[in-house]
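Structure record follows, encoded as structure tokens.
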Amino acid sequence: MSVSVQQADFDIGAEIDALLAGRTDVGAVATFSGLVRDINDGSGVHAMTLEHYPGMTEAALEDIVAQAKTRWDILAVRVIHRVGTLQPADRIVLVIVAGSHRGEAFAACEFIMDYLKTRAPFWKREDTPEGSRWVDARDADDSAAARWN
Amino acid sequence: MSVSVQQADFDIGAEIDALLAGRTDVGAVATFSGLVRDINDGSGVHAMTLEHYPGMTEAALEDIVAQAKTRWDILAVRVIHRVGTLQPADRIVLVIVAGSHRGEAFAACEFIMDYLKTRAPFWKREDTPEGSRWVDARDADDSAAARWN
Amino acid sequence: MNIKVLYFAALREALGSSGETLELPAGVSTLAGVRALIADRGGDWDRLAQMKNLRAAVNQRMAEPETAIADGDEVAFFPPVTGG
Amino acid sequence: MNIKVLYFAALREALGSSGETLELPAGVSTLAGVRALIADRGGDWDRLAQMKNLRAAVNQRMAEPETAIADGDEVAFFPPVTGG
Numbered sequence: 082m083s084v085s086v087q088q089a090d091f092d093i094g095a096e097i098d099a100l101l102a103g104r105t106d107v108g109a110v111a112t113f114s115g116l117v118r119d120i121n122d123g124s125g126v127h128a129m130t131l132e133h134y135p136g137m138t139e140a141a142l143e144d145i146v147a148q149a150k151t152r153w154d155i156l157a158v159r160v161i162h163r164v165g166t167l168q169p170a171d172r173i174v175l176v177i178v179a180g181s182h183r184g185e186a187f188a189a190c191e192f193i194m195d196y197l198k199t200r201a202p203f204w205k206r207e208d209t210p211e212g213s214r215w216v217d218a219r220d221a222d223d224s225a226a227a228r229w230n
Numbered sequence: 082m083s084v085s086v087q088q089a090d091f092d093i094g095a096e097i098d099a100l101l102a103g104r105t106d107v108g109a110v111a112t113f114s115g116l117v118r119d120i121n122d123g124s125g126v127h128a129m130t131l132e133h134y135p136g137m138t139e140a141a142l143e144d145i146v147a148q149a150k151t152r153w154d155i156l157a158v159r160v161i162h163r164v165g166t167l168q169p170a171d172r173i174v175l176v177i178v179a180g181s182h183r184g185e186a187f188a189a190c191e192f193i194m195d196y197l198k199t200r201a202p203f204w205k206r207e208d209t210p211e212g213s214r215w216v217d218a219r220d221a222d223d224s225a226a227a228r229w230n
Numbered sequence: 010m011n012i013k014v015l016y017f018a019a020l021r022e023a024l025g026s027s028g029e030t031l032e033l034p035a036g037v038s039t040l041a042g043v044r045a046l047i048a049d050r051g052g053d054w055d056r057l058a059q060m061k062n063l064r065a066a067v068n069q070r071m072a073e074p075e076t077a078i079a080d081g082d083e084v085a086f087f088p089p090v091t092g093g
Numbered sequence: 010m011n012i013k014v015l016y017f018a019a020l021r022e023a024l025g026s027s028g029e030t031l032e033l034p035a036g037v038s039t040l041a042g043v044r045a046l047i048a049d050r051g052g053d054w055d056r057l058a059q060m061k062n063l064r065a066a067v068n069q070r071m072a073e074p075e076t077a078i079a080d081g082d083e084v085a086f087f088p089p090v091t092g093g
């Protein structure tokens, strides 16, 4: 239940409430959500399609969450990643980390995003006025992931 | 409007939606919320009262947000801090940072929390079975704020 | 000259006062001077001298001992902040 | 022995195939061996040899060239991931 790969949109407030339900030991909740931007690498983007590797995506996300729980003293994690065709301003990904203190929650949330960007098998294709194109992996994402080694 | 000090609770999802309304240039939203824990420094906490310095709190938070906008290329910020008496699991504070990319959004969100913890005039008093006590400032918060210098 | 002085949180409780209007004698022109003036009353007021981690603001901005004080200023003393 | 091979994203489009069942000749026992076997078909398949940043998984876990391949394994080839 901590990881979902789905076409449907998600409700950030409801997901936070569900993760914290019945708990009184959580002092810090760090959340990240990623959205479709209407411009990327200088071109207008009017739609984005996310392809994934069913089965492996869930396993990869579960593994990333497990690594975060080993590295930091955190209490609960929720990850949702959407697939299929999305429009600008649509939500793509959600990571919620609940912990006792903010340092761990922030670090684990950022770690999960950095690892997700380089290790979870999703691929973005953008529709632009110049046609459809696969998004290139960014060196900045490799650097971001490498700093946790 | 980017900063509010209030007794009322807030709705994280609604606040994010309001901050992003009409925008298609946001790729990353980093959010932090702080909650009342039922235990602190080994004692049970059954209520917490937040005192503040009206006027200065708003000015201090606005100043912290302005500093974050100078340091990072971010698009929109929202800060809400509650005052008055709260129960365990109640929300205390909310920081939302929207940006084009996640690195800036995460850093600015964590910076705002670190500065808020050491520079915004709020004081917590906890009710415990041993009586009421003012919360001591934590050295860890000073260290967290100092790393941005 | 006259200034407004405010006390917050544990300091407010210890002093039994949330604030006062203070007339400054000639020669008191800095935050450090105001602090000493109040502490010199003795009794509970001596806490202003004793509190090593005392914080202060002048006109709602964090201030240092050497911050200048002018007529009509709002000066606040308080313990380290613990919000968030 | 037989394995299942999958292709994703830009590689899938370039090959015009999302996957196949492959019978491995004796002597092919690593991921690098499978990659070379497919690339040696030539034509578009040569992309598997040319793509410097080609990524691969074995049984849905990220794998290295020396990863051993066994009968019934699921092997996937794809470009660097770009989710999130």
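Order-wise, the sequence lines are chains R, G, D and H.
Residue numbering for the first sequence follows the numbering used here, beginning at 82 and increasing consecutively.
Residue numbering for the second sequence follows the numbering used here, beginning at 82 and increasing consecutively.
Residue numbering for the third sequence follows the numbering used here, beginning at 10 and increasing consecutively.
Residue numbering for the fourth sequence follows the numbering used here, beginning at 10 and increasing consecutively.
Glycine included, each C-beta is placed from N, C-alpha and C at the ideal position.
The structure displayed is predicted, hence computed values, not measured ones.
Q. What residues in the segment 73–93 of chain H have a beta carbon less than 8 angstroms from any beta carbon of chain R?
A. A85, F87, P88, P89, V90, T91, G92, G93
Q. What are the residues of the segment 184–201 of chain G that lie near chain D, defined by any Cβ-Cβ distance shorter than 7 angstroms?
A. M194, L197, K198, T199, R200, A201
Q: Work out the CA separation of L167 of chain R and V146 of chain G for me, nearest whole Å.
A: 32 angstroms
Q) chain R partners of L116 of chain G, CB-CB under 8 angstroms? A) L101, V107, G108, A109, V110
Q: Please find out if some non-hydrogen atom of the ligand ZN comes closer than 7 angstroms to the beta-carbon of V14 of chain D.
A: The ligand ZN is not part of this structure, which contains no ligands at all.
Q: Find the nearest neighbour of M71 of chain H within the set H:A79, H:V37, H:V84, judged by alpha-carbon distance.
A: H:V84
Q | Outcome for P34 of chain D when other beta-carbon atoms lying within 10 angstroms are tallied against a minimum of 16 | A | exposed
**Q.** Alpha carbon of I97 of chain G to alpha carbon of S213 of chain R, nearest angstrom
**A.** 30 angstroms
Q: Anything in chain G within Cβ reach of Q69 of chain D, meaning under 7 angstroms, just list it in chain order.
A: G136, M137, A140
Q: Throw me the rounded Cβ distance for the T130 of chain R and G165 of chain R pair, which I believe falls under 8 angstroms.
A: 7 angstroms
Q. Counting along the chain, where does the alpha helix (DSSP H) carrying L24 of chain H start and finish?
A. 18–24
(Q) I believe V160 of chain R touches L142 of chain R by the beta-carbon criterion, under 8 angstroms. Please report the beta-carbon distance rounded to the nearest angstrom. (A) 5 angstroms
Q.
So for E75 of chain D, helix, strand or coil by DSSP?
A. coil
Q. What is the residue span of the beta strand (DSSP E) that Q148 of chain G lies within?
A. No beta strand (DSSP E) contains Q148 of chain G, which is instead part of the alpha helix (DSSP H) from 137–152.
Q) Does the beta-carbon of S114 of chain G have 16 or more other beta-carbons within 10 angstroms, so that it is buried, or is it exposed? A) buried
Q.
I need the DSSP call for E211 of chain G, collapsed to helix, strand or coil.
A. coil
Q. Are the beta-carbon atoms of A137 of chain G and P210 of chain G separated by less than 8 angstroms?
A. Note on identity: in this sequence residue 137 of chain G is Met, with Ala being the wrong assignment. No, they are not a contact pair.
Q | Contact set between P104 of chain R and chain G, taken where Cβ atoms lie within less than 8 angstroms | A | Contrary to the premise, residue 104 of chain R reads as Arg rather than Pro in this sequence. Ordered by position in chain G, the residues that pass the 8 angstroms Cβ test against R104 of chain R are A170.
Q. Ends of the beta strand (DSSP E) at Q59 of chain D?
A. Element bounds for Q59 of chain D: not the beta strand (DSSP E) but the alpha helix (DSSP H), 56–59.
Q | Residues, ordered as in the chain, of the segment 198–226 of chain R that lie near chain G by beta-carbon distance below 9 angstroms | A | K198, A221, A225
Q. Does the distance from the CB of W54 of chain D to the CB of L20 of chain D come in under 8 angstroms?
A. no
Q) Where do the N-terminal and C-terminal ends of the beta strand (DSSP E) with S85 of chain G fall, by residue? A) 84–87
Q) When DSSP labels each residue in this structure, what does G180 of chain R get in the three-state scheme? A) strand
Q: Starting from the C-beta of T30 of chain H, find all residues in its chain whose C-beta is less than 7 angstroms away, skip the five residues before and the five after it, and write them out in chain order.
A: N11, K13
Q | Contact belief for E132 of chain G with A18 of chain D at Cβ below 8 angstroms, rounded distance in angstroms | A | 5 angstroms
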